[in-house]
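K.L.:
Taking the UniProt record's numbering, the leading residue of the sequence shown gets 1, the next gets one more, and so forth.
Even glycine gets a Cβ: it sits at the ideal position worked out from N, Cα and C.
Mind looking over this structure? Questions follow.
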Amino acid sequence: MRFQIQQVSDIPASTQLYNQICFAIAARHYPPGHRLPSTRQLAMQTGLHRNTISKVYRQLEIDGVVEAIAGSGIYVRDNLNKKEFKKSAYSRDNISKIPDQEAKKAIDNLINLGCTLHETRDILTNEIDWRIKCGSRIIVSTPREDIGASMLIAEDLSATVNVPVEVVPMEELEKVLSNSNNGTIVTSRYFLQPLEKVAKQHGVRAIAVDLSDFQRELKILKELHAGSSVGIVSISPGLLRAAEVIIHSIRGSELMLMTAISDNKSRLLSLLKTSNHIVCDGPSLSVVENTLLKNRSQLMRLPQIICAKNYLSIETINQLKKEIGIIN
Numbered sequence: 001m002r003f004q005i006q007q008v009s010d011i012p013a014s015t016q017l018y019n020q021i022c023f024a025i026a027a028r029h030y031p032p033g034h035r036l037p038s039t040r041q042l043a044m045q046t047g048l049h050r051n052t053i054s055k056v057y058r059q060l061e062i063d064g065v066v067e068a069i070a071g072s073g074i075y076v077r078d079n080l081n082k083k084e085f086k087k088s089a090y091s092r093d094n095i096s097k098i099p100d101q102e103a104k105k106a107i108d109n110l111i112n113l114g115c116t117l118h119e120t121r122d123i124l125t126n127e128i129d130w131r132i133k134c135g136s137r138i139i140v141s142t143p144r145e146d147i148g149a150s151m152l153i154a155e156d157l158s159a160t161v162n163v164p165v166e167v168v169p170m171e172e173l174e175k176v177l178s179n180s181n182n183g184t185i186v187t188s189r190y191f192l193q194p195l196e197k198v199a200k201q202h203g204v205r206a207i208a209v210d211l212s213d214f215q216r217e218l219k220i221l222k223e224l225h226a227g228s229s230v231g232i233v234s235i236s237p238g239l240l241r242a243a244e245v246i247i248h249s250i251r252g253s254e255l256m257l258m259t260a261i262s263d264n265k266s267r268l269l270s271l272l273k274t275s276n277h278i279v280c281d282g283p284s285l286s287v288v289e290n291t292l293l294k295n296r297s298q299l300m301r302l303p304q305i306i307c308a309k310n311y312l313s314i315e316t317i318n319q320l321k322k323e324i325g326i327i328n
């Protein structure tokens, strides 16, 4: 993946690079365990000083998005323990293997480690019981200031899983888990690190889901004529901030860009009056359409609406379902 930096810009180059790398990781262009480009490689690609790139990598490490391995490089952090990241017996790699054989292998491995048969039974039973407990409900959590991100995740999951999905602000999660610690905490990679600590204290799992790569929407924006006015509408302030930086990094000042939270009526109307194209998330679509309908007389022309209906990638939803045993 190539990163683009607008050198002449009010947005610092480090901020542009940070957001692009975060998006690349969140959209799984760089999956967990993937080695990121070296500072030398990124310097050659972006024209930035290696010290600037090192600072971006350090911030990503502080935020829990990547991890540095001495003498090896910078890697996308894998939040799943090895025991949690085992492939299913029904995965593509094992499709021809009989499940009984896989079970025997697991038992043999535990016995080779020194476990008795009784201990092996308890280990396997406890692991299965724990996974069933984790699959009893899904708690989607992000900071209260960007609870819209939780709502976007919850909307995609509610339509595809057959267990209760609830949204809980990060600030209230401790209290919720104290009352009932069943379930799996789901968040984006941006907020995983602090949620892992809370999950560990209450014996539950915290999993990061990956975003859609938004290739369709980005392709449209890349092909717009210079001078086009674009409005971005979302229920998530964090998504708007990231989108603004990423689009600016790609097109610079060629596009006139404006963003609005969908429930900010005055700003939304102003955006609709000035934009040729509107990019919005699924929950904002009806709000945008209703606002256009009610204010049609004030608009010289109707903008083209581009709805990014999926916030999460299909692959990450399927992986989540496998991990907590809720395949439909």
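Measuring only the C-alpha atoms, how far is Arg288 from Asp108?
P.N.:
In the sequence under discussion, the amino acid at residue 288 is Val, which differs from the Arg named in the question. In a straight line, the C-alpha of Val288 is about 59 Å away from that of Asp108.
K.L.:
For Ile314, count neighbouring Cβ atoms within 10 angstroms of its own Cβ and tell me buried if that reaches 16, exposed if not.
P.N.:
exposed
K.L.:
Determine the closest residue to Ile324 out of Asp129, Asn264, Tyr75, Cys22, with distance taken between C-alpha atoms.
P.N.:
Out of Asp129, Asn264, Tyr75, Cys22, the CA that lies nearest to the CA of Ile324 is found in Asp129.
K.L.:
Would you check if the stretch 193-207 and the stretch 215-229 touch, i.e. whether three or more CB-CB distances between them fall below 8 Å?
P.N.:
no
K.L.:
Round the Cβ separation of Ser38 and Gly71 to the nearest angstrom and send it over; I've been treating them as touching at under 8 Å.
P.N.:
With a Cβ gap of about 13 Å, Ser38 and Gly71 do not count as contacting.
K.L.:
Within a Cβ cutoff of 6 Å, which residues of the same chain sit near residue 361, ignoring the five residues on either side of it in sequence?
P.N.:
Absent from the model: residue 361. The displayed extent of the chain is 1 to 328, so no value can be given.
K.L.:
Would Arg137 and Gly183 qualify as a contact pair, given that the criterion is a beta-carbon distance under 8 Å?
P.N.:
yes
K.L.:
Suppose you measure from the CA of Ile5 to the CA of Leu271; what does that come to, to the nearest Å?
P.N.:
26 Å
K.L.:
Once you ignore the five residues that flank Asn141 on each side, which residues in its own chain have a CB closer than 8 Å to its CB?
P.N.:
Position check: residue 141 holds Ser in this sequence, whereas Asn was assumed. If we look at Ser141 and ignore the five residues flanking it on each side, its Cβ neighbours are Ser150, Val167, Val168, Pro169, Met170, Leu173, Ile185, Val186, Thr187, Phe191, Leu195.
K.L.:
Roughly how many angstroms lie between the CA atoms of Thr15 and Lys104, to the nearest whole one?
P.N.:
51 Å
K.L.:
Figure out for me which residue from His34, Lys309, Val198 has the closest Cα to the Cα of Ser178.
P.N.:
Val198
K.L.:
Closest to Pro256 by CA distance: which of Asp210, Ser266, Val245 is it?
P.N.:
The residue you asked about is not Pro; residue 256 is Met in the sequence shown. Of the candidates Asp210, Ser266, Val245, the one whose C-alpha sits nearest the C-alpha of Met256 is Val245.
K.L.:
Output the distance between the C-alpha atoms of Asp281 and Ala308, rounded to the nearest integer angstrom.
P.N.:
Straight-line spacing of the CA atoms in Asp281 and Ala308 works out to 5 Å.
K.L.:
Using 8 Å as the threshold, is the stretch 25-32 in touch with the stretch 41-58, meaning 3 or more CB pairs across them?
P.N.:
no
K.L.:
In or out: Glu67 buried (at least 16 other Cβ within 10 Å) or exposed?
P.N.:
Counting Cβ neighbours within 10 Å, Glu67 comes out exposed, since fewer than 16 surround it.
K.L.:
Out of Leu36, Thr46, Asn126, Ile11, which one is the CA nearest neighbour of Arg58?
P.N.:
It is Leu36.
K.L.:
Can you list the alpha helix (DSSP H) stretches of 4 or more residues lying completely in the stretch 129-178, in chain order?
P.N.:
Those alpha helix (DSSP H) runs which fall completely within the stretch 129-178 and span 4+ residues are 147-158.
K.L.:
Just mark Ala243 as buried or exposed, buried being the case when its beta carbon has 16 or more other beta carbons within 10 Å.
P.N.:
buried
K.L.:
Looking only at its chain, what residues have a beta carbon closer than 7 Å to the beta carbon of Ser249, apart from the 5 residues adjacent to it on each side?
P.N.:
Gln4, Ile5, Gln6, Gln16, Gln20
K.L.:
Ends of the alpha helix (DSSP H) at Thr316?
P.N.:
314-323
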